[in-house]
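The structure under discussion appears below in the form of structure tokens.
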Amino acid sequence: MLTTGNQLKAARALVGAEQIEVAKATGVHVNTIRAMEASGSGPIAGRAQNVQSVQKALEEMGIEFLNHGQPGVRLVKQKEG
767 MLTTGNQLKA ARALVGAEQI EVAKATGVHV NTIRAMEASG SGPIAGRAQN
817 VQSVQKALEE MGIEFLNHGQ PGVRLVKQKE G
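Just so you know, the sequence shown maps onto residues 767 to 847 in our numbering.
Here you go:
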């Protein structure tokens, strides 16, 4: 199952990260991240590399992406700092 905008938005909220923080961590422009999150419950359209970069950064911040039947996220470790 593909990553959804709602998953990215929820993941970011769980770790307490702003869009600009994720943009800096990934090199993906903040407007691109906004557009990804705006896709809502549908799969994110656009460059797969950008989606993978954002997802990887959020995973490194402590998020696990779930796609067992329904897409979701959960916090598996607290962000340090």
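Yeah, the Cβ is synthetic: ideal placement off N, Cα and C, and Gly gets one too. On a predicted model such as this, the values are computed, not experimentally measured, just so you know.
Residue span of the alpha helix (DSSP H) that contains residue i, given as start and end
| i | result |
| --- | --- |
| glycine 771 | 771-781 |
| methionine 802 | 796-804 |
| leucine 824 | 814-826 |
First and last residue of the uninterrupted beta strand (DSSP E) at residue i
| i | result |
| --- | --- |
| arginine 840 | 836-841 |
Which of helix, strand or coil DSSP assigns to residue i
| i | result |
| --- | --- |
| glutamate 787 | helix |
Cross-strand partners of residue i (DSSP beta bridge)
| i | result |
| --- | --- |
| leucine 832 | Gly838 |
Supposed contact pair residue j and residue i - C-beta distance, whole angstroms, cut 8 Å
| i | j | result |
| --- | --- | --- |
| valine 839 | glutamate 830 | 7 Å |
| alanine 791 | alanine 823 | 4 Å |
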